[in-house]
Amino acid sequence: MKALLQELRQQVLAQPDLRHMLTLARAYGALCQAADSDIYDDAPLEKTLIEKACAQLMPPQPAADPGACLHIISEAFIIGGHTRLMEKLAQMQPEKADLLVTRSIDEQAAARCAAVFQQVYQLNTTDPVSQLLHISERVAGYQRVVLHIHADDIATVVAVGLVKATLPLQVWFVNHADHAFTFGSAIADFYFQLSSFGARLDKQKQIAGQTSFLGIPVNDSAVDTAPERTPLTEALRFVASGSAIKFRPFRGEDIRPLIRQILQQWPKATFTLIGANPRNNFWWWGLKLRFGQRLQLRRYIPYEQYMAFMQQTDFFIDSHPFPGGTAFAEQILAGRRGIGLIAKVQGYSPADKLKRASVAEVLDTIHDYQDAGIIEEIIAVNGYQAVKERYLACLFSNKADPFNMEERVAWQGDTTFLRVRNVIFTPLNMTAMKTLFSYNKKIALKVFMRLSILNKAHLIKVWIKD
4 MKALLQELRQ
14 QVLAQPDLRH
24 MLTLARAYGA
34 LCQAADSDIY
44 DDAPLEKTLI
54 EKACAQLMPP
64 QPAADPGACL
74 HIISEAFIIG
84 GHTRLMEKLA
94 QMQPEKADLL
104 VTRSIDEQAA
114 ARCAAVFQQV
124 YQLNTTDPVS
134 QLLHISERVA
144 GYQRVVLHIH
154 ADDIATVVAV
164 GLVKATLPLQ
174 VWFVNHADHA
184 FTFGSAIADF
194 YFQLSSFGAR
204 LDKQKQIAGQ
214 TSFLGIPVND
224 SAVDTAPERT
234 PLTEALRFVA
244 SGSAIKFRPF
254 RGEDIRPLIR
264 QILQQWPKAT
274 FTLIGANPRN
284 NFWWWGLKLR
294 FGQRLQLRRY
304 IPYEQYMAFM
314 QQTDFFIDSH
324 PFPGGTAFAE
334 QILAGRRGIG
344 LIAKVQGYSP
354 ADKLKRASVA
364 EVLDTIHDYQ
374 DAGIIEEIIA
384 VNGYQAVKER
394 YLACLFSNKA
404 DPFNMEERVA
414 WQGDTTFLRV
424 RNVIFTPLNM
434 TAMKTLFSYN
444 KKIALKVFMR
454 LSILNKAHLI
464 KVWIKD
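Every letter in the sequence shown is one number past the one before it in the numbering used here, and letter 361, counting from 1, is 364.
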């Protein structure tokens, strides 16, 4: 896979002008993220593109009265944690910041962002050079920029680099998907870390600025309002939630043996999985046939119903093989008993201490559940006020936080877990695939052949619809 990525990278550098370089570099970034092959950034490529932009484009003019802070996000969504984390950080600032959306934003997300930010700007062009110029003009009007961009948003990275070449701009990079490749290493003065897994990968990057632990903030006010835990009975209620892909068996890691043992040992128990697609997630079919209504597979539950449902839950199980970030910690703070299997991707919260290495150990935990002190630890690391203090100290006083999550939660992960040599399991977006076919059909065909069967089927389906 590395050879294929290197071939594509050379194609980026061989392009005749900046527009083509940016277009193909975006596809390169998307492919690097989808195909984990021990490449987690590419600062030299970023610098080359920034130098090219500086040589060909006029530098933006400084603002007479620069704004305090601008957040930049590639796309804003109403679902998922990416946009929500950005909103939480912005709300921590003493004065409202502004927001620039470089690609798209749905109506609901736009309304929510309008309530958080002073001004919300959105680009209306898909041409990469026009994007670069519009972004740089906007960025030049601020003293500080906080990036929440997608891994392949090279236009924003180059635009920020163009501004930094002539103006005293400071940049903070929030690495939301810290387990994968991303552009941004060459321009960040401060590179925020969210987990011990991400911190380990950062050591392999060429980050120009300082790294600083931030952590994902959780709603610690839930501790004061959490209902008392329901008494345990033989009819235990177990719940797990998350996107379907987080539960798909991967490289020998599988949550199904745990579910099977739970439903066998507690014959009156029920297990509800929220986020599954019963039609397409074939790995659940066997368990569903065996346990029938005791195993509930739900694609989606409206928020109010979800909250009411969770209050009647005895045990919340974190997604596996891919954990849900701080969703596990939030459920514990809300009064749930938290259990789960130790994942190879880890280190987002001290709540990981409640997970066990084997099915047998998790079953023992259910019989004798102990979580003394864990709520205090979660609040100390991921509590809203704790994250706010770290964030504001870095944003306004340039104080990087050296906190190491591994001092609280011993490392039992594997940073090579997501690396697969010849198959691309992570979905590759259609924009990247179309770009590859436009520029080099030979490389595009090689990439297509490396896609998993499900990825191939998905791309073909989307392509036909387009």
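Here a beta-carbon is modelled for each residue, glycine too, at the ideal position from N, C-alpha and C.
| query | For the segment 57-111, which segments carrying the beta strand (DSSP E) assignment without a break, of at least 3 residues, lie completely within its bounds, in sequence order? | reply | 70-79, 101-108
| request: Answer yes or no: do tyrosine 31 and leucine 52 have a C-beta to C-beta separation smaller than 8 Å? | output: no
| message | I need the boundaries of the alpha helix (DSSP H) containing glycine 289, first residue and last residue. | response | It spans 288-294 - the alpha helix (DSSP H) in which glycine 289 sits, taken as one unbroken run.
| said: With a threshold of 7 Å on Cβ separation, who are the neighbours of methionine 95 within its own chain once the five nearest residues in sequence on each side are excluded? | reply: Lys391, Tyr394, Leu395
| query | Does the Cβ of proline 97 have 16 or more other Cβ atoms within 10 Å, making it buried, or fewer, making it exposed? | reply | By the 16-neighbour rule on beta-carbons within 10 angstroms, proline 97 is exposed.
| message | Excluding the 5 residues flanking isoleucine 381 on each side, which residues of the same chain have their C-beta closer than 8 Å to its C-beta? | response | Closer than 8 Å at the Cβ level, and outside the excluded window around isoleucine 381, lie Val221, Asp223, Ala332, Ile335, Leu336, Ser352, Pro353, Ala354.
| query | Which one or two residues does DSSP pair with alanine 243 in a beta bridge? | reply | Leu276
| message | Within 10 Å of its beta-carbon, does glutamate 110 have 16 or more other beta-carbons around it, so buried, or fewer, so exposed? | response | exposed
| message | Can you look up tryptophan 466 in the DSSP assignment and give me helix, strand or coil? | response | helix
| Should the segment 154-164 be called in touch with the segment 185-194, which here means at least 3 C-beta pairs below 8 Å? | yes
| CA-CA distance, arginine 340 and isoleucine 152? | 34 Å
| What are the uninterrupted segments assigned as beta strand (DSSP E) that are 3 or more residues long and contained completely in the segment 308-393, given in chain order? | Entirely contained in the segment 308-393, the beta strand (DSSP E) runs reaching 3 residues are, in chain order, 318-320, 340-342.
| Bridge partner(s) assigned by DSSP for histidine 151 | Ile76
| request: Quick one: measure Cβ to Cβ for lysine 449 and leucine 16, integer angstroms, because I've assumed they're closer than 8 Å. | output: Not confirmed; about 18 Å, so no contact.
| request: Could you check what DSSP says for isoleucine 427 in three-state terms: helix, strand or coil? | output: Three-state result, isoleucine 427: strand.
| Would a C-beta distance cut-off of 8 Å place leucine 462 and alanine 33 closer than the cut-off? | no
| query | Using the rule of at least 16 other Cβ atoms within 10 Å of the residue's Cβ for burial, across every protein chain shown, is lysine 464 buried or exposed? | reply | exposed
| said: Per DSSP, what are the beta-bridge partners of glutamine 125 in this structure? | reply: Val104
| query | If you draw a straight line from the C-alpha of phenylalanine 241 to the C-alpha of tryptophan 286, how long is it? | reply | 19 Å
| field | Span of the alpha helix (DSSP H) around threonine 26 | value | 21-37
| By a C-beta neighbour count over all protein chains shown, 10 Å radius and 16 as the cutoff for buried, is isoleucine 446 buried or exposed? | Looking at its Cβ environment, which holds 16 or more other Cβ atoms inside 10 Å, isoleucine 446 is buried.
| request: Using alpha carbons as the reference points, say which of Pro19, Gln14, Ala38 lies closest to leucine 421. | output: The shortest Cα separation from leucine 421 among Pro19, Gln14, Ala38 belongs to Ala38.
| DSSP-derived helix/strand/coil call for leucine 197 | coil
| said: If distances are taken between C-alpha atoms only, which option among Leu261, Val166, Asp44, Asp68 comes closest to isoleucine 342? | reply: Leu261
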